[in-house]
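Structure, as structure tokens:
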Amino acid sequence: MRLVKELKSNKDYYFNHKEANKTISFIEKSCFHTTGEYNKQNFKLELWQKAFLESLYGFYDKKTNLRRFKEALLIVGRGNGKTTLASAIALKSLILDNEANAELYSIATKRDQAKRVYEEMRRMIFINPNLNKILKVKRDKIEFIHNNSFFQPLSSETKTLDGLNPYFVVLDEVAMMEKRDIY
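In terms of this note's numbering, the sequence shown is numbered consecutively and its last residue is 175.
Here it is as structure tokens:
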């Protein structure tokens, strides 16, 4: 809440309701729960999730018209849907940001952990026929052919990350990463 008050009183930034709502609307209309009692039901964002997304995607610099925040850290307890939310944000970034040749990644200490976001995205795509039409799901990659962009899970072995040009990254289980040079 302090952040919102601080940004509202700061004359260098403005709040873009349209952009913030575009993200929320995409997630609630296009993304689905993929397991449990809510399987195949639309992802209905909780208030804290909406506040997080509005803060991240709503504030813009008046001079440059670029988003104020390019990085976010989300720390919530187990069972609060971090993977589902990260998957939905990744899908939004892949499709709606209209970034040509964008490289999107999920990175964790173990590839299996990094693959959890990919698997959640894959299930969301198969549930939604509209997403299934525009995204190409491969064994370890999701491609958006329209702008030649892709999402891919990777392990945090720094040697394998050289040469990447990431547009969007989900860093999962950051506390477990021995080296910080990945960041």
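No residue lacks a Cβ here, since even glycine has one placed at the ideal position from N, Cα and C.
Counting only the same chain and skipping the five closest in sequence on each side, list residues whose C-beta sits under 6 Å from that of residue i.
i	result
Thr15	Leu45, Tyr49, Lys84
Arg103	Ser147
Leu65	none
Tyr175	Note that Tyr175 scores 49 on pLDDT, short of 50, meaning its location in the model is unreliable; the coordinates nonetheless yield the value given after this. Closer than 6 Å at Cβ, skipping near neighbours: no residue.
Check this for me: beta carbons of residue i and residue j, under 8 Å apart or not?
i	j	result
Thr26	Arg131	no
Ser22	Asn122	yes
Phe143	Ile137	no
Ile99	Leu58	no
Ala78	Val129	no
Lys54	Tyr6	yes
Cutting at 8 Å between CB atoms, please list the residues of its own chain near residue i, excluding the five before and the five after it.
i	result
Lys42	Ile16
Asn93	Asn139, Asn140, Ser141
Can you tell which of the options has the C-alpha that lies nearest to the C-alpha of residue i?
i	options	result
Glu95	Asn124, Ala80, Gly155	Gly155
Ala106	Leu127, Ala82, Phe118, Ile126	Ala82
Asp4	Gly69, Thr56, Glu63	Thr56
Ser180	Glu63, Gly71, Arg70	The question about residue 180 has no answer here: the residues shown for the chain are numbered -7 through 175.
Between residue i and residue j, what straight-line distance do the alpha-carbon atoms span, to the nearest angstrom?
i	j	result
Leu37	Gly28	17 Å
Ile19	Tyr52	21 Å
Ile126	Asn120	11 Å
Ala80	Ser141	16 Å
Gly73	Pro145	18 Å
Glu112	Thr76	7 Å
Asn8	Phe61	13 Å
Phe24	Lys32	6 Å
Asn203	Tyr30	Beyond the ends of the chain as shown, which are -7 and 175, falls residue 203; an answer cannot be given.
Ala167	Trp40	With a pLDDT of 48 at Ala167, under the threshold of 50, the modelled position of this residue cannot be trusted, and the question is left open.
Thr101	Asn13	33 Å
Who are the near neighbours of residue i in its chain, counting only those whose CB is closer than 7 Å to its CB and skipping five residues on each side?
i	result
Glu11	Tyr49, Gly50
Phe118	Asn124
Val68	Lys74
Counting Cβ pairs closer than 8 Å, one from the region 85 to 100 and one from the region 155 to 166, do we hit at least three?
-> Between the region 85 to 100 and the region 155 to 166, the count of C-beta pairs closer than 8 Å reaches three or more; the two stretches touch.
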